[in-house]
Amino acid sequence: MEALKQIMAQFNLDSSSHRREPLLKRMEVDASKNWDCKNCIGHCCTMISNSMKIDVLEAVEMYVYLHEKGRWNDQLKKELEENVKTYRLDYEIVLSRGQEFRRTYTCPFYQGHNLGCSIDSSFKPYGCLAFNPDKKGVSEWGHCSSRSSVMEKREDNFGKQETAFIKFLCKKLNLPLEKKPIPIALLNLHKAIES
Ligand code: SF4
Ligand code: SF4
22 MEALKQIMAQ FNLDSSSHRR EPLLKRMEVD ASKNWDCKNC IGHCCTMISN
72 SMKIDVLEAV EMYVYLHEKG RWNDQLKKEL EENVKTYRLD YEIVLSRGQE
122 FRRTYTCPFY QGHNLGCSID SSFKPYGCLA FNPDKKGVSE WGHCSSRSSV
172 MEKREDNFGK QETAFIKFLC KKLNLPLEKK PIPIALLNLH KAIES
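Position one of the sequence shown corresponds to residue 22 (the working numbering), numbered consecutively onward.
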């Protein structure tokens, strides 16, 4: 863990909360219009629609966060492994033209009815922060969308430093550059650090 933190410091990355700031600010604007998730059970975190994939930096930040909160333990590892098995996340299907079949899964950090996500906003995947309701009082699936222009702005501001870190770490730990579903990305990172 210390070695991982040292590598992050070496790259002089902006903090995880700063790099998520454009998305967090947009959420505040939406919330000021009551475009929030208070009436929803969190459809976007369940297998109804969740197919979130994260890069190595997002995995590192979530991994460090879970360690610092004392949540990375054998029980969590077992839950992540079961999640991978249940949703067959390690079985990739390539469709025509090299496109990958989009697998959905209930996120292992989804806490169920109205409790939402157990990961602090400053460490959540960017895509999770970007996906928000398009009107008041949403309770059903189909009334939310990704703030793609804000995602692009975030990428413009921080993409260069993030890509440099990702390329370095993937090479050093022999990890794939491609984004992976959350439980796979966390387990891959853990195995690479341990070995
Ligand atoms: S973004 Fe939409 S689907 Fe997801 S929790 Fe909020 S209201 Fe529900
Ligand atoms: S990390 Fe949180 S917001 Fe993202 S899919 Fe998982 S439970 Fe939902």
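In this text, a Cβ means the ideal position worked out from N, Cα and C, and glycines have one as well.
- With a beta-carbon spacing of about 21 Å, residue 179 and residue 51 fall beyond the 8 Å limit used to define contacts.
- Residue 91 and residue 127 have their alpha carbons spaced roughly 23 Å apart.
- Contact between residue 74 and residue 157 does not hold, since the beta-carbon distance rounds to 30 Å and is not under 8 Å.
- With a 10 Å radius around the Cβ and a threshold of 16 neighbouring Cβ atoms, residue 76 comes out buried.
- In this structure, residue 131 has its CB closer than 7 Å to one or more heavy atoms of ligand 2.
- In terms of CA proximity to residue 174, 46 leads the group 46, 23, 125.
- Shortest gap from the CB of residue 146 to any heavy atom of ligand 1: 7 Å or more.
- In summary, residue 24 is exposed, with fewer than 16 beta-carbon neighbours lying within 10 Å of its beta-carbon over all protein chains present.
- In the DSSP assignment, residue 178 falls within the alpha helix (DSSP H) that extends over 169-194.
- Within the same chain, and ignoring the five residues on either side of residue 146 in sequence, the residues whose Cβ sits closer than 6 Å to its Cβ are 73, 75, 79.
- With a cutoff of 7 Å, residue 58 does not count as near ligand 2, since its C-beta is closer than that to no heavy atom of the ligand.
- One Cα belongs to residue 63, the other to residue 27, and the distance between them is close to 36 Å.
- Counting only runs of 4 or more residues that sit fully inside the region 24-106, the alpha helix (DSSP H) segments are 37-40, 42-53, 77-89, in chain order.
- Per DSSP, reduced to three states, the secondary structure at residue 126 is coil, with no helix or strand assignment.
- No Cβ-Cβ contact shorter than 8 Å links residue 209 with residue 56.
- Judged by pairs of C-beta atoms under 8 Å, the region 124-143 touches the region 95-105, as three or more such pairs exist.
- The alpha-carbon of residue 40 is positioned some 33 Å away from that of residue 107.
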